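Asker:
Protein chains: 2
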Amino acid sequence: MINKKEVLNHFLVVLFNQILNIEEKALKKGPFKVLTLSELHVIEAIGEENPLPMSAVASRLDVTVGTLTIAINSLVKKGYVNRERSIEDKRVVLISLTPLGVEANHHHARFHEEMIAYTVNILEEGEMDVLIKSLSKITTYFETKYDK
Amino acid sequence: MINKKEVLNHFLVVLFNQILNIEEKALKKGPFKVLTLSELHVIEAIGEENPLPMSAVASRLDVTVGTLTIAINSLVKKGYVNRERSIEDKRVVLISLTPLGVEANHHHARFHEEMIAYTVNILEEGEMDVLIKSLSKITTYFETKYDK
DNA sequence: ACCATATACTTTGATGTTCAAAGTAATCGG
DNA sequence: CCGATTACTTTGAACATCAAAGTATATGGT
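Protein chains in written order, with the numbering used here: chain A, 2 to 149; chain B, 2 to 149.
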């Protein structure tokens, strides 16, 4: 009993570190190495839908707007992000991806897909379903218990 | 098929962010809030066994020794870590936890245990085993595929 | 219409993390 | 015993992050 818990804990911790590590290394070897990992996550949060206000992106990322401002400064300079004032409300700054930003986002999405595809390959039919169900239960639990 | 992959990806990403978040918040509310999350991970890596050389701890954490030096400076000042020169080889610096450091480590371990215990509670009998097996497969795969 | 207040964002100053490269001290091999 | 290696520390630089102060715009109440 206790042992299973330790084992589960161990694998979660290891998996955690591995994912961060792999993502970092993949980024620094790929065609978008000018980006940092957190800039890539900003790009992901902006997404390819409508332009979003700073505050919306910051909230998706769970960082302060001040922190986001700095990241956006850099991403605009690098050509990955458009920044424009809203016409209806001139206080609002709308953020969207440039074509280059969209490319970077696709590239990153492809990396995630690959990682997941490998994962799916090495699991058996039923295992996949149980894994999804378990992860779903866990995330839901954490959400209600700890989030916000 | 494709949908399952997306779902799995989604839950992994969410779980990932949740864990970091929860850990951070739990730390800043607890009795060891003077510590940063990465300092806590240094403490965890030092462990409660024998004193370890800097290089051993750095390798556990996968950071450079220079980075570790800075963290240890701070942890020594805060009273969580002992730093002593080895007698056999005076180049070597041996790191160990003070009683306070051990306390912090236990506190952190308890937090992990709780998180895992909740997870176990909400899973059914067989799900737990499949989850462990799946995570084990995934981490092993990542290890051989990506880890150097 | 006006002003106080609230909102959306940027700037600033501070802390923390991390690395690579240069520096220091001790050991080891021939 | 000297040159090379090893173990660590220091330094300089980039980045991430926050809280608080600052700027510009909008809104609600009178």
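Each residue gets a CB set at the ideal place from its N, CA and C atoms; glycine is no exception.
Note that the structure is a prediction, hence the values are computed from the model and not measured.
1. Threonine 141 of chain B to phenylalanine 12 of chain A, Cα distance in whole Å?
2. Does the beta carbon of asparagine 10 of chain A come closer than 8 Å to any beta carbon on chain B?
3. Output the boundary residues of the beta strand (DSSP E) element that contains valine 94 of chain A.
4. What residues in its chain sit with their C-beta under 7 Å from that of glutamate 40 of chain B, if we drop five residues either side in the sequence?
5. Would you say lysine 91 of chain A reaches chain B, if we count a Cβ-Cβ gap shorter than 8 Å as a contact?
6. DSSP beta-bridge partners for glutamate 85 of chain B?
7. Name, going along the chain, the residues of the stretch 30 to 45 of chain A whose beta-carbon falls closer than 8 Å to a beta-carbon of chain B.
8. Please report whether the beta-carbon of histidine 113 of chain B lies at a distance below 8 Å from any beta-carbon of chain A.
9. For methionine 55 of chain B versus valine 43 of chain B, is the C-beta distance shorter than 8 Å?
10. Let me check understanding here. Comparing Cα to Cα, which of A/Ala105, A/Val15, A/Glu85 and A/Leu28 lies closest to alanine 46 of chain A?
11. Quick one: which unbroken beta strand (DSSP E) runs of 3-plus residues sit fully inside the stretch 34 to 90 of chain B? Chain order, please.
12. In chain A, what lies closer than 9 Å to valine 121 of chain B by C-beta?
13. Got a sec? Which residues, its chain only, sit under 7 Å from serine 137 of chain B by beta carbon, not counting five neighbours each side?
14. Can you tell me which of the three DSSP states glutamate 125 of chain A falls into?
15. Roughly how many angstroms lie between the CA atoms of threonine 70 of chain A and asparagine 4 of chain A, to the nearest whole one?
16. Residues of chain B with CB under 8 Å from valine 64 of chain A, in chain order?
17. Please compile the residues from chain A whose C-beta is within a distance smaller than 8 Å of the C-beta of serine 1 of chain B.
Answerer: On the basis of the supplied data:
1. 10 Å
2. yes
3. 94 to 98
4. Ala72, Ser75 and Leu76
5. no
6. B/Leu95
7. none
8. yes
9. no
10. A/Ala105
11. 82 to 86
12. Met2, Lys5, Lys6 and Leu9
13. none
14. coil
15. 46 Å
16. Per Cβ cutoff of 8 Å: no residues; valine 64 of chain A is ~11 Å from chain B at best.
17. Nothing can be reported for residue 1 of chain B: it is not among the residues displayed for chain B, which extend from 2 to 149.
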